[in-house]
Amino acid sequence: MKLQKGRLERFLDSHLKSEIKDIEISNIPSLSQLGRKFGNVDPKTISQFIKDQYLIRKYGSERTKSIYNKCWGSRNPRKNIDEKKELFSVYMREIMNLYKEGKELPNDIGVRSLARKFNVNRMTIPNWIKKFINQWLINEFQINSDNIELDKSTNDIYDEIWGIRCNKIRKIKFEEIKKIILKRGGILLTSKTEFDSLEEIPTERYIKVKCGKNHIFQIKIRCLIYDYNWCSTCNEYICEKILRYYMNNLFNTQFNPQVRLSKALKISIKNKITQNISFNDKKYDITVHVGRQRYDCFVSNLKLKGKDGKIYTLMIAGEYDGIQHSEEDPIKNPYCRNEYEIARTKARDLAKNKISAENTIILIRIKEFKGFNRRVMIYKQGLVLKEITKQFNSQFNTIYGHNNLRLKFNPNKMVNPLGIKSLYERRGPIQKFL
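In my numbering, the protein residues as written are 49 to 482.
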């Protein structure tokens, strides 16, 4: 690509003042950002143009070095981000005070507007907003940071201010949505006629999308654009892996992924169970081929010592249930297109529960519907481990009729579910994790 010199010069003219002390570097993009913005060129090309041409023409050779060093040469990226976060926090405190007092909020607080205002990537802003709201709720209302309702309250406030309200101010168009999906390697399956026939404001509408791996799913437009949500199948695979990682650490063993029940229980692959499902005043008799079903993770012959000194040999399975296992509205369910498919999903889950109990398998189910979404699975590991422990102890008591073996976890021991250095470098590491 070719450097767009004219556009770059006009941009720099609007940001660089005549006096070096008046230059606010927090508003000046990095060389990499400038390269992407003005011709998609590398930072070295940008640097050479600024130093060897632009600054010399504007300031003269004597002042060029000091101005370049202030703006780019000695820049500390971490310090720059911290400064922006501090300014963002001050701004957010003003917004949340207005919200708390029930006063009218400014119109220019949308995600895109804030990204421009603080000169950060648009995808960074929702994360910053939610983190601030989260801490604001803790400070203002003394909510425990481990309370699973905290994330729900955070999301509710975010949806109210940056969802419905902002979306009424600016209505996104069908062609914009189509471009966003294409950019992510997907295809919009909802037609413009279908889109225009929906009554909700555009960002509250559900559309049908096919991802690059040919998974078909339904998604709310606001979640697609502003929360960067994507394919529910790909997302569930991530949560299944994270669950298995926690199980490995908690039980100090290696769980096998995606194990057929025919292999785990040593039953015929043709084994069937018929479940009677009542749903919205309708009854369905659904036959489930349980031998073909799979556990997300499974281990057999796990030996654990109880308080009575006895060694217990256990079979333990783990399941991560995405929202499709609980959502009963076909429009909002990412997989099930009608009531029968929802009933079939319920039948499969019940059949798996039944045959697991009959074979004394401890089956741990972590449900997105109960708040265990991807964010909670990564960042609230204490809640996840607590839920696994609670389910294990309850089922062990049911199977053996006593509490001589009780699982505990150390809340102070932090493990990294993605198996990487930092939990906060999310986009790159998750791809590496997959």
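Positions of the beta carbon are idealized from the N, C-alpha and C atoms, including for glycine.
Just so you know, these numbers come straight off a predicted model, no measurement behind them.
- The alpha-carbon of LEU51 is positioned some 18 Å away from that of SER62.
- Burial check for MET140: the Cβ neighbour count within 10 Å reaches 16 or more, so the residue is buried.
- Between the alpha carbons of TYR368 and LEU455 lies a gap of roughly 20 Å.
- ILE334 is positioned such that its CB atom lies closer than 8 Å to that of ALA391.
- Between the segment 176–184 and the segment 87–104, the count of Cβ pairs shorter than 8 Å is below three; the stretches do not touch.
- Within the same chain, Cβ atoms closer than 6 Å to the Cβ of GLN341 are found at LEU309, LYS400, the five residues on either side in sequence being excluded.
- Residue range 53–63 is occupied by the alpha helix (DSSP H) that includes GLU57.
- Below 8 Å, too few C-beta pairs join the segment 349–361 and the segment 427–436 to call them touching: fewer than three.
- Here PRO154 is exposed: its Cβ has fewer than 16 other Cβ atoms, across all protein chains shown, within 10 Å.
- Per the C-alpha coordinates, the member of ILE269, ILE359, GLU375 positioned closest to LYS219 is ILE269.
- Shown here, LYS258 sits in a strand according to DSSP, grouped into three states.
- Across the structure, LYS165 and PRO77 are spaced so that their CA atoms are roughly 12 Å apart.
- Burial state of MET171 is exposed, judged by a 10 Å Cβ sphere holding fewer than 16 other Cβ atoms.
- Contact between ARG292 and PHE303 is confirmed by a C-beta separation of about 5 Å, below the 8 Å threshold.
- Sixteen is the threshold: since fewer than 16 other Cβ atoms of the shown chains lie within 10 Å of the Cβ of HIS450, the residue is exposed.
- In the structure shown, the three-state DSSP call for CYS345 is strand.
- Taken in chain order, the unbroken stretches of alpha helix (DSSP H) that lie wholly in the segment 374–423 and span 4 residues or more are 387–406.
- THR301 is the residue among LEU79, THR301, LYS118 whose C-alpha sits nearest the C-alpha of LEU362.
- Around the Cβ of ASP329, a 10 Å sphere holds fewer than 16 other Cβ atoms; the residue is exposed.
- Counting of Cβ neighbours within 10 angstroms places GLN190 among the exposed residues, the total staying below 16.
- Collapsing the DSSP output to three states places GLU67 in coil.
- Nearest in C-alpha terms to ILE414, of all of VAL424, GLU242, VAL159, ILE255, is VAL424.
- Look at ASN155 here: in three-state DSSP terms it is coil, with no helix or strand label.
- Using a 10 angstroms sphere on the CB of GLU142, the tally of other CB atoms stays under 16, which defines it as exposed.
- For SER316, same chain residues with a beta-carbon under 8 Å away, outside a window of 5 residues either side, are SER310, GLY339 in chain order.
- Annotated as proximal: GLY211 and THR251, with beta-carbon spacing under 8 Å.
- For LYS438, the uninterrupted alpha helix (DSSP H) run begins and ends at 429–448, by DSSP.
- In this model, SER404 and ILE410 are separated by some 7 Å (Cα to Cα).
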